[in-house]
């Protein structure tokens, strides 16, 4: 999924992006960093200590288990694996669209406490729960191996139970 | 067979609907209409200049617009350039997402005095909206401003009035606004609410920011922070209100510091009764307020106490809510200022269960003027699900051939109406960024419609 470099269009401060040089001189983004790390580990054939296993549960209830490099945010991991986690402000703590629900309280307690700024955004998150966090602030570390993250299910906002409107 | 969709409005509501439609139907073709030369609605003209992170969502919207199944038509106005009836004939689905471009009125004497504006107008003014540039805003002869309302927009306008112009001059604020703010004599801003700090509509991020504004002393009457049992119940049931109330409490105990030449005062439990005219009978010189009190329980009622007060000021900004505008042939609830709808399907009227085939609403036009940018993602999900259900049940059918974009182009060319493509916007965008770079700003917004059109409509370079 091609992503426009943050900062080009609007001159804002840049979100951290790890640019690396490919052997053919082309530059690519952190997406390639993770791919290289994974394939490197697989090529070495040994237990990969640099990634953890995380399962995302989509709005429809489908489960997708991915490997996330230590140090990567859940938002970035979701985007790399085509999981539909919205990230309107691209990780700058200015929205709540990457809201995820940590299914197991044990993992929730292992996370670093949310900052005031993250809590301010969580205030506005749709379907907030006791174990909600912003995906851009949950960073993979070895202890989180096996964590499950649920995307909040959208519910219809107008309660008109059972009614099927007649088209005009 | 393509599903031809027209989305009217290119703000977050319109773009989230377009994005989700393109994803849901690989046979959808989406045209987005926008009456201004530039897209993005309130992301461009509502979000404050000192909140650039909130505008990053534009990157995502741009990717949607660049999709080969999506076309942007800038400078095309529903009602003037093409009617709703015409759109419904040439598209399978029409989604109205044109937001709320008017205001709730106070309905009190003096509301039309000079120096009285809605916050929406003031925001358009400092954000370089083409319809806001000629507002007669004079800050040179004013020392005190009163903002009525305590939501995030009220805090935005108060903050822009109080923030040092040198900080603002490196943002994308409109040039005419930062010029006026440099010579502004405003040193005191009141932000007035009819109810108390427990009920204030602002949210923690914005309140935290304004309470920490450099060079500004915060004034809060500690007596206003007393809570009743009802208040405590309200706080317990709302995380947002609890955190906002805690911030007000913390702020009231700050010791006064030297070196603050501006003041922001939060005034609670005061309802405006009339706006007072100066001797010339033309300009506003103050606000006449009645003290209020909350009574009863579930629901609590706001009542006047019969005691009155005045605040002197030379500028009044009403921040009491936006309101949508109706268009011909569109059912409209004038009281609520929204289009009556079931999950985004437009209802034929308040009194009937029938809905208008192929006609939907999204965003503020659907829900009323509340929520943040992200709220539109959830809203769009609901509308697109309704559209999908209707397509599956053949209430809307793409088997019926309609002209779509081609039909729109034909209507516009008959009227000699030129539209701005997304490439045209990108040219305008580059120009704004280049002009801004010279001044150390992310962009210098081109505020005049003619200049914007000249750049946006210019022939594409080979």
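Residue numbers (the working numbering), protein chains in the order written: chain A, 674 to 841; chain B, 2 to 463. The beta carbon of each residue, even a glycine, is placed where N, CA and C say it ideally should be. Keep in mind the model is a prediction, meaning the values are calculated, not measured.
Query raised in the report: With a Cβ-Cβ cutoff of 8 angstroms, do residue 144 of chain B and residue 315 of chain B count as a contact?
Result: yes
Query raised in the report: So residue 147 of chain B packs on residue 191 of chain B, CB below 8 angstroms; how close in whole Å?
Result: 5 angstroms
**Report entry** Where the alpha helix (DSSP H) containing residue 390 of chain B begins and where it ends
**Finding:** Counting along the chain, the alpha helix (DSSP H) containing residue 390 of chain B begins and ends at 376-393.
**Report entry** Separation of residue 401 of chain B from residue 153 of chain B, as counted between CA atoms
**Finding:** The straight-line gap separating the alpha-carbon atoms of residue 153 of chain B and residue 401 of chain B is approximately 46 angstroms.
Query raised in the report: So, using beta-carbon positions, are residue 789 of chain A and residue 209 of chain B closer together than 8 angstroms?
Result: yes
Requested in this report: Give the DSSP-derived three-state secondary structure of residue 743 of chain A in the structure shown.
Outcome: coil
Requested in this report: Determine contact between the region 339-350 of chain B and the region 375-395 of chain B, defined as no fewer than three beta-carbon pairs at a distance below 8 angstroms.
Outcome: yes
Report task. Please confirm if residue 55 of chain B has its CB atom under 8 angstroms from at least one CB of chain A. Result -> yes
Query raised in the report: Is DSSP giving residue 206 of chain B helix, strand or coil here?
Result: helix
Query raised in the report: Should residue 51 of chain B and residue 214 of chain B be called a contact, given that it needs their Cβ atoms to be closer than 8 angstroms?
Result: no
Report task. Could you work out which residues of chain A lie near residue 204 of chain B, taking near to mean beta carbons separated by less than 9 angstroms? Result -> 793, 796 and 797
Report task. Taking only the alpha-carbon atoms, compute the straight-line gap between residue 249 of chain B and residue 268 of chain B and give it to the nearest angstrom. Result -> 12 angstroms
Query raised in the report: With 16 other CB atoms within 10 Å as the buried threshold, where does residue 313 of chain B fall?
Result: exposed
Requested in this report: Measuring alpha carbon to alpha carbon, tell me which of B:219, B:63 and B:441 ends up nearest residue 261 of chain B.
Outcome: B:219
Query raised in the report: If contact means a Cβ-Cβ distance below 7 angstroms, which residues of the region 366-393 of chain B contact chain A?
Result: For the region 366-393 of chain B, the residues whose beta carbon sits under 7 angstroms from a beta carbon of chain A are, in order, 373, 374, 375, 378, 379, 382 and 383.
Query raised in the report: Which residues share a DSSP beta bridge with residue 145 of chain B?
Result: B:189
Query - Cα-Cα separation between residue 823 of chain A and residue 731 of chain A, rounded to whole angstroms - result: 6 angstroms
Query raised in the report: Which runs of the beta strand (DSSP E) spanning at least 3 residues fall entirely within the region 794-828 of chain A, listed in chain order?
Result: 805-807 and 820-823
Query raised in the report: In this structure, does DSSP put residue 7 of chain B in helix, strand or coil?
Result: strand
**Report entry** Reduced DSSP category for residue 183 of chain B - H, G, I as helix; E, B as strand; rest coil
**Finding:** If DSSP states are grouped into helix, strand and coil, residue 183 of chain B belongs with the helices.
Query - Residue(s) in a DSSP beta bridge with residue 200 of chain B - result: Looking at the DSSP output, residue 200 of chain B bridges to nothing.
Query raised in the report: For residue 289 of chain B, which of helix, strand or coil comes out of DSSP?
Result: strand
Query raised in the report: By the criterion of Cβ-Cβ separation under 9 angstroms, what are the contact partners of residue 809 of chain A in chain B?
Result: Ordered by position in chain B, no residue passes the 9 angstroms Cβ test against residue 809 of chain A, which lies about 12 angstroms from the chain.
Report task. Determine whether the Cβ of residue 456 of chain B lies closer than 8 angstroms to any Cβ atom of chain A. Result -> no
Query raised in the report: By Cβ distance, which residues of its chain are closer than 6 angstroms to residue 4 of chain B, with the 5 residues on each side in sequence left out?
Result: 26, 28, 29, 93 and 399
Report task. From the DSSP output, in three-state form, read off residue 399 of chain B for me. Result -> coil
Query raised in the report: In chain B, what lies closer than 7 angstroms to residue 759 of chain A by C-beta?
Result: 378
Query raised in the report: Any Cβ of chain B within less than 8 angstroms of the Cβ of residue 767 of chain A?
Result: yes
Report task. Could you check what DSSP says for residue 21 of chain B in three-state terms: helix, strand or coil? Result -> helix
Query raised in the report: Hey, how far is the Cα of residue 299 of chain B from the Cα of residue 236 of chain B?
Result: 14 angstroms
Query raised in the report: So, is the C-beta of residue 68 of chain B closer than 8 angstroms to a C-beta in chain A?
Result: no
Query raised in the report: For residue 327 of chain B, does the three-state DSSP call read helix, strand or coil?
Result: coil
Requested in this report: Select from the region 123-143 of chain B all residues with a C-beta closer than 8 angstroms to any C-beta belonging to chain A, and list them in chain order.
Outcome: none
Report task. Check distances from the C-beta atoms of the region 35-59 of chain B to those of chain A and list, in chain order, the residues that come in under 9 angstroms. Result -> From the region 35-59 of chain B, only 52, 53, 54, 55, 56, 57, 58 and 59 have a Cβ closer than 9 angstroms to chain A.
Report task. Please compile the residues from chain A whose C-beta is within a distance smaller than 8 angstroms of the C-beta of residue 244 of chain B. Result -> Within chain A, the residues near residue 244 of chain B are 792, 793 and 796.
Requested in this report: Quick one: grab the DSSP three-state call for residue 57 of chain B.
Outcome: helix
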